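Per the working numbering, the sequence shown starts with residue 2, numbered consecutively.
Idealized CB from N, CA, C, for every residue including glycine.
This structure is a prediction, so every number in the text was calculated from the model and none was measured.
Scroll down for the structure; my scribbles are underneath it.
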Amino acid sequence: MGKKISAIILSFLAVVNIGFTTAFSLENKDFEIISQTITKEDLVSKEEDLFPNIMNFNIDGETKEFTLESLKFEDTVIKNRTGIAIGSIDFPLDSIKPTPPKSNTFDYFDGVLNRNIPVTIRLISLEEREPLNWRDDFYIEVIIENYGSTYYTFAKKDIPHNQEYPFFLGYEDDYLNYLNLDTNSYKILSSSWSSEPYFDGDSLKRKARFYGKRYVSSHTGNYASEVTLPDADGCTATAVYTLKIPKEIISIVEEKPIITPEIVVEKENILSPVITTIIAVMVIVSFILFTFFYIKKKRDIK
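Have a look at this one:
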């Protein structure tokens, strides 16, 4: 007379928390703008080519490429302008070293105003362009008076008449002294008539040319100074370069519940066969005892 114990079925749902990270950046706010400004003053024209579209700048020890964001020109007046003016004077071949003036006036071309400006600058050096040397390039031309006479006159000297060429032998120094030429640096070697006889009033004259050599050198005087220039129209340029740098990514930990069904455990026949047998034995014993006492009670009544 056993009883079947109804199975106990246990089932439930467990809430399990699983943590995970979602990384995202802020929309439309994910860049930091760094700017660098360059200003150039006293420009003579609005030259956009002075500012390239890309320029490199050093940021925290690293070279970064910046992009030209804006360029603005503002009209100004360029004041306190100066320039370096240079000039030179070439002195001809001469037996005497020249003495150039301590200062001289030259035309300085002002590229901003696009015109010449007269400036006075100082002597800085006297340069020997060609050294002293004998040169066979010397000649002088003179006019002989009283050409038709037995002696013609030159340099206040009566010189014998010669139809073929002007006579000069023995008179070389007289010619040179009359022309203020150094007799140690100039030599007359030959002569010729350079014109036909001609009358100048009542005097018959003829042109003569004397050839020779000279011991001469040439020099150049060099001048240079800083000069003050007039004010000029100009402009100032301001260029702004920018660089976009991504901001640091913001990390957010988001807790989301995940519902997971627990394993359904069916516990059936919790009472094992041994326990069932014990219960049955106790029931039987109880029944025997009950019968025994019932019969005994009945006998006692009789």
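Comparing C-alpha positions only, which one of the options sits nearest to residue i?
i	options	result
residue 61	246, 121 and 158	246
residue 169	52, 75 and 143	143
residue 224	161, 158, 53 and 101	101
residue 96	132, 227 and 36	132
residue 106	220, 86 and 64	86
residue 94	292, 128, 111 and 115	128
residue 228	278, 64 and 111	111
residue 41	292, 50 and 236	236
residue 164	291, 203, 195 and 202	195
residue 119	278, 226, 283 and 285	226
DSSP on residue i, reduced to helix/strand/coil?
i	result
residue 120	strand
residue 184	coil
residue 195	coil
residue 203	coil
residue 287	helix
residue 189	strand
residue 97	coil
residue 266	At residue 266, the pLDDT of 48 sits below 50, so the modelled position is not reliable; the number obtained from the coordinates is stated separately. Strand.
residue 32	strand
Less than 7 Å separating the beta-carbons of residue i and residue j?
i	j	result
residue 145	residue 152	no
residue 184	residue 174	yes
residue 192	residue 166	yes
residue 148	residue 198	yes
residue 135	residue 208	no
residue 241	residue 126	no
residue 233	residue 113	yes
residue 221	residue 130	yes
residue 98	residue 74	no
residue 121	residue 104	yes
residue 160	residue 172	yes
residue 243	residue 36	yes
To the nearest angstrom, how far is the alpha carbon of residue i from that of residue j?
i	j	result
residue 53	residue 69	7 Å
residue 45	residue 109	18 Å
residue 230	residue 117	11 Å
residue 137	residue 181	19 Å
residue 32	residue 66	16 Å
residue 189	residue 210	10 Å
residue 76	residue 34	29 Å
residue 287	residue 280	10 Å
residue 218	residue 205	38 Å
residue 248	residue 80	46 Å
residue 162	residue 186	27 Å
residue 56	residue 78	28 Å
residue 51	residue 91	40 Å
residue 43	residue 49	14 Å
residue 202	residue 212	29 Å
residue 290	residue 296	10 Å
residue 58	residue 64	6 Å
residue 156	residue 115	54 Å
residue 150	residue 177	23 Å
residue 292	residue 278	21 Å
residue 158	residue 200	20 Å
In chain order, each alpha helix (DSSP H) run of at least 4 residues that lies wholly inside the stretch 127-180: Counting only runs of 4 or more, we get 173-179.
Whole beta strand (DSSP E) runs in the stretch 37-69 with 3 or more residues, listed along the chain? You should have 55-60.
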